[in-house]
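*Asks:*
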Amino acid sequence: MWTIHGALCFAAEDAGASSITGVDVMEPSEQFTAEIERRGSKVRFVNGDVHEPATVAEIGMHDVVWCSGVLYHAPHPLLTLQRLRELTGQTLLLATETVAETPGRRGTCVIAPGRDEHPNAEPATAADQGFGPWYWGIAPSALRTMLTLSGFDVVEEFRTPFHVTVVAR
Ligand SMILES: C[S@@+](CC[C@H](N)C(=O)[O-])C[C@H]1O[C@@H](n2cnc3c(N)ncnc32)[C@H](O)[C@@H]1O
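For the sequence shown, the numbering used here assigns the number 180 to the last residue and increments by one with no breaks.
1) Can you round the beta-carbon distance between ARG96 and GLY162 to whole angstroms, since I take them to be within the 8 Å contact cut?
2) Between the alpha carbons of VAL166 and HIS73, how many angstroms are there, rounded?
3) Nearest to GLU108 by CA position, among GLN101, LEU89, SER79, THR99, is which residue?
4) Along the chain, where does the alpha helix (DSSP H) that runs through ARG180 open and close?
5) If the criterion is Cβ atoms closer than 8 Å, does the pair CYS120 and ALA150 meet it?
6) If contacts are defined as beta-carbon pairs under 8 Å, then ALA179 and ASP164 qualify, I think. What distance do you get, rounded to the angstrom?
7) Would a check of beta-carbon distances place SER52 closer than 8 Å to chain C?
8) Going by beta carbon distance, what residues of the same chain come within less than 6 Å of GLY27, once the five residues before and after it are set aside?
9) Shortest alpha-carbon distance to PRO64 belongs to which of THR91, ARG50, VAL76, LYS53?
10) Judging by CA-CA distance, which residue of ILE31, SER40, GLY33, VAL177 is the nearest neighbour of LEU158?
11) Do GLY98 and VAL67 have their C-beta atoms closer together than 8 Å?
12) Less than 8 Å between the CB atoms is what I'm expecting for ILE31 and ALA23, so what's the real figure, rounded?
13) Give a yes or no on whether the C-beta atoms belonging to LEU89 and LEU160 are separated by under 8 Å.
14) Among GLY118, SER40, GLY51, ASP35, which residue has its Cα nearest to the Cα of TRP77?
15) Could you tell me which residues DSSP puts in a beta bridge with PHE163?
16) By DSSP, does ILE70 sit in helix, in strand, or in coil?
17) Quick check on GLY33: buried or exposed, where buried means 16 or more other Cβ atoms within 10 Å of its Cβ?
Right under this line is the structure:
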């Protein structure tokens, strides 16, 4: 929802997805609601924390799960991946910020500094509901291991500096 107002849902709808659920701990924005109306969209929205079993049950399993910009905000990213595994019928598209690999030591994660110290951090807002901080810096090799531990097979990976998009089954 944050800054994109459901754009991932509408991209999926434009690509031909037959049923789409948007999920965010933030409430639906006015822009999102207006776009649903304008399109006559069938996008369904679940307002909840994806870590909560009740939220996962309400969302239900989907063939394709597209999760962007969430993992490094989660205090327990392996739990996030576990919940995404419960939701994913076939394919996970996971986009996340990363940190550089540590020379001589693959698979590193660092607990990130507080939001005020982080160069990319945005000012805190009430709408964050505790999910604003950048808790984790995750190297791409660590992300692969975490996905494997969570029951995914990584089939494609697209890296740019400090960001990766992974396709996993
Ligand atoms: C950095 S924004 C990314 C927004 C968008 N997905 C994108 O790719 O540009 C993170 C979004 O994830 C949501 N979020 C963070 N933690 C969440 C959680 N545990 N459950 C559901 N939504 C969460 C935030 O409210 C926010 O809208």
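Think of the CB as a built atom: it goes at the ideal place given N, C-alpha and C, for glycine as much as any other residue.
*Replies:* On the basis of the supplied data:
1) To locate residue 96, count along the sequence shown from 1; it is residue 85. To locate residue 162, count along the sequence shown from 1; it is residue 151. So it is a contact: roughly 5 Å between Cβ atoms.
2) On the sequence shown, position 155 is the one that residue 166 refers to. On the sequence shown, position 62 is the one that residue 73 refers to. Taking the straight line joining both Cα atoms gives about 18 Å.
3) Counting from 1 along the sequence shown, the entry for residue 108 is found at position 97. That would be SER79, whose Cα lies nearest to the Cα of GLU108.
4) Position 169 of the sequence shown holds residue 180. Note, ARG180: premise wrong, no alpha helix (DSSP H); not H, not E.
5) For this step, residue 120 is matched to residue 109 along the sequence shown. For this step, residue 150 is matched to residue 139 along the sequence shown. Cβ distance < 8 Å, so CYS120 and ALA150 count as in contact.
6) Looking up residue 179 in the sequence shown gives position 168. Looking up residue 164 in the sequence shown gives position 153. Contact holds; Cβ gap of about 6 Å.
7) Among the protein chains of the structure shown there is no chain C, as only one such chain exists.
8) Here residue 27 is taken as the residue at index 16 of the sequence shown, counted from 1. Closer than 6 Å at Cβ, skipping near neighbours: no residue.
9) Within the sequence shown, numbered from 1, the residue matching residue 64 stands at position 53. It is THR91 whose Cα lies nearest to the Cα of PRO64.
10) Residue 158 sits at position 147 when you count from the first residue of the sequence shown. Of the listed residues, the one whose Cα sits closest to LEU158 is VAL177.
11) In the sequence shown, the residue the question calls residue 98 occupies position 87. In the sequence shown, the residue the question calls residue 67 occupies position 56. As written in the sequence, residue 98 is Leu, which differs from the Gly given in the question. A contact, by the Cβ cut-off of 8 Å.
12) Translated into positions along the sequence shown, residue 31 becomes position 20. Translated into positions along the sequence shown, residue 23 becomes position 12. With a Cβ gap of about 5 Å, ILE31 and ALA23 count as contacting.
13) For the purposes of this step, residue 89 is taken as residue 78 along the sequence shown, with counting starting at 1. For the purposes of this step, residue 160 is taken as residue 149 along the sequence shown, with counting starting at 1. For LEU89 and LEU160, yes; Cβs fall inside 8 Å.
14) To locate residue 77, count along the sequence shown from 1; it is residue 66. Residue ASP35 is the option with its Cα nearest to TRP77.
15) Start at 1 with the first residue of the sequence shown, and residue 163 comes out as number 152. In DSSP, PHE163 forms no bridge with anything.
16) As a first step, residue 70 is located in the sequence shown; it is residue number 59 there, counting from the start. DSSP places ILE70 in helix when its eight states are reduced to three.
17) To locate residue 33, count along the sequence shown from 1; it is residue 22. So GLY33 ends up on the buried side.
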